[in-house]
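In my numbering, the protein residues as written are 1 to 171.
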C-alpha cells in the first residue's frame with residue numbers, strides 16, 4: 001500500500017491551513033489527499049472522498065514524497081511549442097505578396113488553397129492547412145476576400161514598403 005512519508009509538524013500545519021482555506025481548489029484537494037494518506041487511509045478510499053481517480057491520488061502522494069508541500073502546487077505549463085518558426089511565417093508572407101504569374105504559375109491571384117499547395121510543393125514550410133495560412137496572413141494585416149485576392153490596409157507606410165512609392169511624391 002502507498003502512503004505519504006511521515007509529515008513534519010510544519011508540513012502538517014501548512015497542509016491543514018491549505019486544506020481548509022480558500023486557496024485554489026486543486027491545491028486544497030491535494031493537501032487533503034496528503035493529510036488523508038497520513039491518517040492511514042488507502043488510495044481508493046482517498047479517491048472516493050476527494051472524487052479523484054486512484055491514479056491521480058497516487059501521483060500526488062508520489063509528488064509530495066519527492067518534493068514536499070511545494071510539489072503539490074501546479075507549475076506553469078509551457079504549452080504547445082510553436083509549429084511554425086518566424087522564418088516559415090516570413091516565407092508565407094513573402095510568397096503571398098508575390099504575383100503567382102511571376103512565379104511561373106498559370107493564375108493571377110492566390111487562393112488560400114493554391115498558396116498552401118505552392119508552399120508545400122516548394123517545401124517552403126512543413127505541412128500547413130489553408131486555415132493556418134489565413135491566420136498567418138490575417139495576423140500581419142493581409143486579408144483574404146472571396147474574390148481570391150489579398151487586401152492590405154492602405155497606409156503611406158505600406159506604399160513605401162511594398163510598392164516603392166515615395167510618400168512625398170504623392171503630396
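Quick reminder that beta carbons are idealized off the backbone N, C-alpha and C, glycines included.
Whole-angstrom distance between residue j and residue i, CA atom to CA atom
{"i": "residue 115", "j": "residue 86", "result": "18 Å"}
{"i": "residue 62", "j": "residue 50", "result": "17 Å"}
{"i": "residue 148", "j": "residue 120", "result": "The pLDDT assigned to residue 148 is 47, lower than 50, so where the model puts this residue is not dependable; a value taken from the coordinates is nonetheless given after this. One C-alpha to the other measures close to 19 Å."}
{"i": "residue 80", "j": "residue 21", "result": "33 Å"}
{"i": "residue 5", "j": "residue 17", "result": "19 Å"}
{"i": "residue 103", "j": "residue 141", "result": "23 Å"}
{"i": "residue 108", "j": "residue 89", "result": "22 Å"}
{"i": "residue 131", "j": "residue 139", "result": "12 Å"}
Minimum C-alpha distance to residue i - residue among the options
{"i": "residue 7", "options": "37, 20, 127", "result": "37"}
{"i": "residue 113", "options": "67, 46, 134", "result": "134"}
{"i": "residue 12", "options": "22, 26, 30", "result": "30"}
{"i": "residue 69", "options": "32, 136, 110, 96", "result": "32"}
{"i": "residue 172", "options": "67, 131, 105", "result": "No statement about residue 172 is possible, as the shown extent of the chain runs from 1 to 171 and does not include it."}
Close-in-space but distant-in-sequence residues of the same chain around residue i (CB under 7 Å, 5 per side omitted)
{"i": "residue 84", "result": "125"}
{"i": "residue 2", "result": "43, 58, 61"}
{"i": "residue 128", "result": "116, 119, 120"}
{"i": "residue 54", "result": "43, 44, 47"}
{"i": "residue 14", "result": "69"}
Helix, strand or coil at residue i according to DSSP, with G and I counted as helix
{"i": "residue 171", "result": "Below a pLDDT of 50, predicted positions are generally treated as unreliable, and residue 171, at 48, falls in that range; the measurement from the model is reported next regardless. In this structure, residue 171 counts as coil in the three-state DSSP scheme."}
{"i": "residue 143", "result": "strand"}
{"i": "residue 84", "result": "coil"}
{"i": "residue 123", "result": "coil"}
{"i": "residue 51", "result": "coil"}
{"i": "residue 23", "result": "coil"}
{"i": "residue 98", "result": "coil"}
{"i": "residue 104", "result": "coil"}
{"i": "residue 128", "result": "coil"}
{"i": "residue 111", "result": "coil"}
{"i": "residue 79", "result": "coil"}
{"i": "residue 29", "result": "helix"}
{"i": "residue 133", "result": "helix"}
{"i": "residue 4", "result": "coil"}
Residues near residue i by beta carbon distance below 8 Å, same chain, minus five either side
{"i": "residue 65", "result": "4, 5"}
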